[in-house]
Structure formats: C-alpha cells, structure tokens
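> Have a look at the structure that comes next, please.
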Amino acid sequence: MEALNSTSGRKTAPAQHMRSLEKAVFEADSRIRMRRVGATNAQLFLTVGFAIPFCSYLIYNFFAAGGVMQNYKTSSGAYMNYAMTWMLKPRSATSIYRPEIEMAQQSMPLVAYTRKIEAQRADGSVPEGVHHPTSWH
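Each residue of the sequence shown is one higher than the one before, starting from 12 at the first, in our numbering.
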C-alpha cells in the first residue's frame, strides 16, 4: 500500500498503477472477509456448543416423564432450587434444617408482648377500651 502512495508509484503507467491499487484493495478485502468468517465460525461454534446441550437439558427435564421438574413441587427442594429462589432472601442452615428454632426466634417478641399484657391485665393496669391482642395466628 505504501508503494502505491510513494513517488516511485507515479513513474508507472496509469493502467499498472490501477492494477496495483485493485490488487491492494482485494487483499485488504480478503483479510477483512477472513476475519469476519473466523469470528462468525467461532461465534457459531460456541453458540451451538452451549445451546444444543442446554436446550436439550431443559426440554428433557421440563417435558419428559422422567425429568427432574416433574416432581419439583413435592420434592425436598433439590430440583433447580436456585433457579426458582435466587431473588428471595437467603435462608440460614438453621431455618432450613431446624425450622422450629427459627419460628421460636421469630415469635419471641409476640410471646413477650402477650405475657406483658396478661400481667398488666392481672394487675388491672391495662386501660379500659383499648384493644390489646394476646392470641396470634
């Protein structure tokens, strides 16, 4: 390409100069085309290499009789649990394996309030006409 723009390029015949220019443009176009074909082939290979196994996995597990998603509502939560719960608040191991401890910790303030109100009722220090609930669902 540099030879086309140099002063020696002006000494050649216009037809020869035009042939050299066309050859340089063809080589540049060929390089661009080869890069584009290589990038397209790599993209297709990676897409097919990921999409075919992933789509077959999803189709089988969602629709086949032996797929794991056929039993996800009655299972222990092992089937695609992260895919279904990734936006939820994370749970501790105690809340998963010992839910009674977690429930007791959550209900401690209500139990303490109930005991306080019942003690005030026994003393007679609860104001009349004010509703203080003591039973919780």
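Each residue gets a CB set at the ideal place from its N, CA and C atoms; glycine is no exception.
My understanding is that I128 touches H142, with C-beta atoms under 8 angstroms, so please give their C-beta distance in whole angstroms.
Rounded, the Cβ-Cβ distance is 10 angstroms, inconsistent with contact.
> Could you check what DSSP says for A24 in three-state terms: helix, strand or coil?
A24 falls in the coil class under three-state DSSP.
> What would DSSP say about A62, mapped onto helix, strand or coil?
Note: A62 maps to helix in three-state DSSP.
> May I have the straight-line CA-CA distance separating Q54 from Y68, to the nearest angstrom?
Computed Cα separation, rounded: 21 angstroms.
> Go ahead and pull the three-state DSSP assignment for M98.
It is coil, neither helix nor strand.
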